[in-house]
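Worksheet for the structure shown next.
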Amino acid sequence: MTPLGDQDQPYNGSSLRSSWLQRKSKNTEVDVRIIDDEVNIKLVQQKRINCLLFVSKVLHELQLDLHHLAGGFIGDYYSFLFNTKILEGFSVYANAIANKLIEVVERQYATIPPISSY
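The sequence shown maps to residues 1 to 118 in UniProt numbering.
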């Protein structure tokens with residue numbers, strides 16, 4: 001999927017960075033929204049594994065400070081919302097966040113055997 005928005009908007013005379021990107025793979029959906037230095041990430045994945053440990057490592061690698069986490073079950077899916085802030089002096093893009101999260105979560109799916117139904 002391609003970025004839905006990636007632009008700088010003037011805000012009170014200064015430049016406000018904002019971008020929005022959605023990515024989807026076989027088992028995972030990621031929605032990343034960046035406004036100035038705040039990053040909101042929505043992650044939806046099939047209910048076979050819990051990815052919180054792996055995602056927290058990715059956030060740390062990308063220099064994102066986790067401020068709030070909410071999550072729950074929706075049918076056969078886990079849904080998580082991460083509110084983070086870009087650490088001062090660092091820069092990260094929505095594309096890099098989404099790609100890295102999908103890569104890490106999909107790698108974990110590849111390590112578990114498929115669910116067989118009877």
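The beta-carbon is built from N, C-alpha and C at its ideal position, and this holds for glycine as well. Nothing here was measured: the structure is a model prediction, and the numbers come from that model.
- Straight-line spacing of the CA atoms in V44 and D37 works out to 23 Å.
- Within the DSSP secondary-structure output, I74 pairs in a beta bridge with Y77.
- With contact defined as three or more Cβ pairs closer than 8 Å, the segment 14-25 and the segment 58-68 are not in contact.
- With respect to V105, T28 sits close: the two C-beta atoms are nearer than 7 Å.
- Distances from the CA of K85 to each of I97, G72, T111 and I49 were compared; the closest alpha carbon is that of I97.
- Of all alpha-carbon atoms in L69, L87 and E88, the one lying nearest the alpha-carbon of S79 is that of L69.
- According to DSSP, H68 shares a beta bridge with N83.
- Non-local beta-carbon contacts of D76 in its own chain, meaning distances under 6 Å to residues more than five positions away in sequence, involve K47 in chain order.
- Residue environment analysis places A110 among the exposed positions, since fewer than 16 neighbouring C-beta atoms fall within 10 angstroms of its C-beta.
- DSSP links L43 through a beta bridge to V30 and F80.
- In this structure, the CA atom of N50 is about 14 Å from the CA atom of V58.
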